[in-house]
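Notes follow the structure.
Residue numbers (this note's numbering), protein chains in the order written: chain A, 2 to 1024; chain B, 2 to 1024.
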């Protein structure tokens, strides 16, 4: 986006450039007065006193309402030729909001409703964390046409039908929109699909056998994808047209699914080595027999239903159809949509799309009929009727298709059986004659209809007949089809009953939805694989196992080394509820975490007993969006023996994983040394000394009671160091102002690392009655300032991480505190941490879902940061170019990220943190309103008025806010409160900046604070 | 709700009570093994490794999908007699979520679209803060029928049409649902409406003149309300039926608006002294002339249109209507709906509602026609057709009405002009004959229709004619109506053109919507007032001024005294961006805040200059839900002179408001004393010493550099105390672990109060590239750990407030840190604060909207807490009985709140905070699943499995989670993560509790930790 355009757009509005120039600070009295004047002038539309009734009669209301109308109603006939997408895309903000609303159900009933069984809950969790790659990988693993399906799936009868929040007022999660957005953003990353390199590279010759796939539509592309992923090297798609995509790129209107995205999916298939041969039509350019003769071992038919049904089963209408087909104003749905499609998308082609006018009638009520009806509007129709034989109770069109058509004003005319096209002398259809077709029974579940011999005709200017499609009437088809005119197939495998080498899927077998066709191709791929391998003498496991989506991102090395120990990834569980027992740690290791700090244990004499209840959501967040908890849980209730004996067990099974013992004693040398010696009998790889437990233990002189004094902390570290050679980590409390002092003491006394930080003592919001939401003691209902974890802790913990990294370079850091997403992992690593401890995110969901998200997100961030092209387009990691300051977007070669590891990343971005007094005071910014995005809410105006410098004007009547640069100090409160991503940019000022001191500073005022800064070159610093 | 039922419901499910009893800790080996076994058994349905494709063929998918279907499709015919509300009510969670999505636009275009001009943005902000009273007060002030209108307003053509987020994917805010919920919750509080006591109590005799309102429908009730609020004491409503509510309580189907709520609105009118006389019909029981003779000075006609139109304007159909009206299966819409209504709501009445069957045809396409159609389904129809003359492009039914009817399977048959009812020999209608009525032109904006003389008939079992209604054909009507058969009215005033004492509103003048009728009554009330007063010789201001909604809640005294100074309310602005200049402070005073702490100023020699940008949203919250900011702004850039001279100005205008000077110097006696002496020349009421500014100043040895050592803090306090007698407040830094130590030092050295707390140094989330979202310096893009404010600070600041209140009883406390809502105000006050400083909430929006919310919420909380009846029903303040532990809900007489002031509240609930070691370890809780609320997501299961004790079973197949009490330790993580309010309760255990120590503790294990607790009496502690 050209920000210079933004700026000039603002100037074009009239007031952005030149107002309020009377300026100057004047005398002090004048200065004060001037402010008072501004107060009146600028704050006019703002609320002052509320909830006083307003009187406005109903006629006046109607006029106001009209003037403020922000949703001009759809009018179909204004849509001529407008094939831009008519359902708004979700913004990233909306997507995160919607994803947050998803419950992430354990059993994920949505997944059961998805034909391709996408792990929906998981990708929605990724989206909530803005992990676009993670989401796209989940989607494309199960459904190679995830983008198209996101656009076209009728989710109200698939995944969303099963959604657990369907019954709530806000209804099912908009899974399709989320899916579409995630894959779209991934598409923009431009990362090609590769075959998973962890699969065997050398495969038997059977994988080189030629395989033919006929039709590059959804079923065929899906089949080819999975064959390619399995390692088949000789897969050929034969497509009769000149491009792939099938119905999506030949018939479905552009306002529902743009072709560019379908073609991208075709490209992804080719990235696996699949070859596509265009202009090759079965039955015309080649035959099945020929394919077999050429050695194709297995053939998949994904040909759809290409021939329109022309009413042969209707002997009454049939004779007049034969006449009508020659009329210049008669179309069948297939020809109509295809021709329009080509003219819209491939201008200059010989086919000219029909220009319609007047009354266009569509016969039929299927999805295609409604596509025709909406397209007819766009091609010039003034009135469109969809006429059908049955009643509304019987139509299958789902809301996704029906509603937009209704909004455009399409007429639905039920109970009308067409019996004749009326033609004039010139052979043009002038009207259609119907017989009233009424139900002959009343059973609402099984209505039967009868013509009633009551005839009427309706004049038409154009007519589009949409009676469905069928298999072509060719010889080879006769051999494989059933009596219902569909291919005879074994649904379990996709194998035709005619030939054991011939598989089929999609419309040709009566599949209902696009996504079902994708699934048919997926299903067939496995059984084609089985057929080929078994016919070549290999056995195939009974349980199907298909390879997932893979790219170079998955190959990013995220191993790390801390305390001399190499880890495959930087993620582990913190000593906290998720490490309450060894089975839980076992599960975490299986999920992918590379280390775990066991729950802190102590000597038997210090045994603890927890109260109940003891874990709360922090800050009373009614939406429970943020994984933030308050807890008054103590250290483990298990014996030291459990932890020592269990360590032996688990290290046997996971010798490569890192197990860290967490120890706690009071300030007593013999206790610390006894406990350490006992722990030494177990194969712990390191010890973490818990000198920071925020509650309960400190009252006994343990935990943070031992960690808030650098002397005490140092002393304990020395005691433990005396009896072990294992690496020592000190877990630091945030309840002491200077983490760097504590870290220095740790380092000076023999520790290798610190964990930054433990939880901070805080109180979660009580009820308005002062009671906790849940409290201890049936009568007392008590709680205590407890360890506050998760998102609310992150600003403080991240600060301490960066402080220590800057000031105590010798110590290594385990980051901890609100690491929910891969973005947070990046923050901690780039600000100094080498490994990361996770807790709240797991408490909030489960270990495996969280791990997948963290891993894919971290890899994607590192990968994208390393790509100059993406960086200069404005990407920041996998964060697309929205919502931040885009000044001088040059590839950051200095702190350049390489994709081969994260070691180079550690502490690499500390340069962005600076003491305030050293910061630049010669470059001041001012907001610029992006009128393409601004929703005109005026929140920037409100914030600036009541919490800034009254430098924004807003007349509150469908205008955009105007920035008064002379008054703006560039504080950025407007940017902070703006609820719309990218609606405000902070850009260099275009006017001189002088600080308003309220009164004229006297002669002794420090000269360095009499500041006047000339504006920067207007063009230099913008993109 | 009976929680005992919950418990027994759980038992009824089979596994809640008796499983997993093999128990015991066994030997250590066995113990470990047992955990491993459980691991396998319990974690089966959980995710472990993700994003591997699954294979499942399409037929199998369909079967799965069916089994997991959670949204059984509507089937109209199954709805017989189901008049329960068919649109789900919003839950509190959903409401807060939806309210958070609202932008709270400054110009609030929604308000311009509301007929009654409700301040929508303001009530939505209240809802976001769970301030139900505040919201209801805003709504009912402008619209006394706010609940009914919330249920019935077609917002897509009113407020929501103007919504600034209409264009986003998620669409306009659901204003109606929010409105409905807020008023419903307020209704449950049971607080009657009173006349605002601040209005003149003694009014001239003209206010005693009798006023007649004819019809207790929406227009009449609204008119009577505003007259009552103005002080009229002799207002009489004459209503022909036996109850009020008009169309809402006589015709509109119960599934759209339950009568109980309409009747509550009638009650509210009576609370103002309005008398309602039932069974009094104009023209039958009395005449307008009689009213005048009886001395009624002004009369309002709110009679609606009571007589169905019987097709007189259709000469073709008319003759057969005359026959059909006598048929047993013919209804007009009005009689049909009224009769059904009575039979549904007033069972036992003589009128028996029609029992329908077979095919029911409704003629007409208005809202009433669709009400008839849906009601017909509920009365037994198997098939319903709505037949109308025009096409879909022309129908006005909006989505709110049209969609639910479509979902029920109603047939819409356009282009059909009825021409004859066919009757059989017995006089029953057997069919309706139509003529095909087709457009004769193509202009989509102005279609004209023609009958085409093509006739067809459709058999019917019942027919309902819905051709609209009209004024009764009576003499008195003739005198006041126009040629269009509506009352002839001056729309601006609601005055009839026939009589200057006769006003009218609602359907009788062609008003479109219910809310417009309410507005008509409101409009007329003012001009009736004007007429009466002027005719009695009083003058009335030109600008209308109507009194708002008022209750005893508004009378709650929230004055407070701190540092010896009485304040009218405890709210003031913190020394922060909202007090950047005096005009801003002036506006805050006007809005209601009782005090303000000016931005910290210093000696000229310490002058500062800010960098740009310097204010950020904390924690990268993409939804910007929480008012939490990070800032690196310094103290004021204005001179000390500005603050001193300006103080003189503002105190002149606001002598009653409290102005607090905020001072900062380095650790130098002469500086502090010089600055204080200069400040002494201004009329500041108190001083706040800023010893806690978190960034920038500390590097110069100021701010928190002077506040993190009790000695230094005490020294500075002494220096200032030496040169002033004004109260001193020390603003405390949270960057020191023990606020109580600092507070004690302040107290010991002459301060009266502390502010708890200033902001805490933290870093907001950077982009994944390590850069801040916006940074200082075009090249460097830097930021610094800055003052972190708002919601994320609250847990920490609230802890410090309670710590100081407990440990330093001599000091007074200004609470500060994330006080966004009235609930937070309650927390701070009950945990020790006497006054409250606001900043982030104002930064996030504006001072006035925030003040109104804080004030009304605090008052409502105090009022509700003082009501025994509400408390014992489970209310906590204005927090309705949802979402918390309801054990032993007895009125808390000990800490009882009285409604006469907040002084008694200060520090009154500290008893709920206890040191952990003193808490109860004999009463353990366990979760109970509330199957009425549980959405079966299994999040509790996941959290318990990976972050708890594996004490929940969940088979993931439409079952509810099962609690295994033997394994449960009552930690409450399940309760914390449950996304559904009230789906999990923590209740006393029903089984013995023994702590599992992992291995059998040895003989030396401390005896007090070998715990076995018998279950509590099952019944004693539940409600």
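Every residue gets a Cβ at the ideal spot worked out from N, C-alpha and C, and that includes glycine. Every value quoted in this text rests on a predicted model; they were computed, and no experiment measured them.
Minimum Cβ-Cβ distance from residue i to chain B less than 8 Å
| i | result |
| --- | --- |
| residue 360 of chain A | yes |
| residue 106 of chain A | yes |
| residue 905 of chain A | no |
| residue 767 of chain A | yes |
| residue 950 of chain A | yes |
| residue 146 of chain A | no |
| residue 500 of chain A | no |
Below-8 Å beta-carbon distance, residue i vs any chain A residue
| i | result |
| --- | --- |
| residue 379 of chain B | no |
| residue 914 of chain B | yes |
| residue 69 of chain B | yes |
| residue 529 of chain B | no |
| residue 761 of chain B | yes |
Residue from the options with nearest C-alpha to residue i
| i | options | result |
| --- | --- | --- |
| residue 449 of chain A | A:304, A:440, A:457 | A:440 |
| residue 305 of chain B | B:87, B:751, B:514, B:149 | B:514 |
| residue 722 of chain A | A:734, A:748, A:710 | A:748 |
| residue 764 of chain B | B:325, B:633, B:176, B:169 | B:633 |
Short Cβ contact (8 Å threshold) for residue i with residue j
| i | j | result |
| --- | --- | --- |
| residue 1006 of chain B | residue 608 of chain A | yes |
| residue 218 of chain A | residue 246 of chain A | yes |
| residue 256 of chain A | residue 87 of chain A | yes |
| residue 605 of chain A | residue 641 of chain A | yes |
| residue 364 of chain B | residue 382 of chain B | no |
Residue i (DSSP reduced to helix, strand or coil)
| i | result |
| --- | --- |
| residue 436 of chain B | strand |
| residue 989 of chain B | strand |
Near-chain A residues of the region 511-523 of chain B - C-beta to any C-beta below 8 Å
512, 517, 520, 521, 523
Output needed in chain order: residues of the region 160-180 of chain A with a Cβ under 9 Å from some Cβ in chain B.
160, 161, 162, 163, 164, 165, 166, 167, 168, 169, 170, 171, 172, 173, 175, 178
According to a CB-to-CB cut-off of less than 9 Å, which residues of the region 783-798 of chain B neighbour chain A?
So the close ones are 783, 784, 785, 786, 787, 789, 792, 793, 794, 795, 796, 797, 798.
Output, in sequence order along the chain, the residues in the region 689-710 of chain B whose CB is closer than 7 Å to any CB in chain A.
696, 697, 700, 709
Which of the residues in the region 469-492 of chain B, read from start to end, lie with their CB under 9 Å from any CB of chain A?
For the region 469-492 of chain B, which is checked against every Cβ of chain A, the residues closer than 9 Å are 492.
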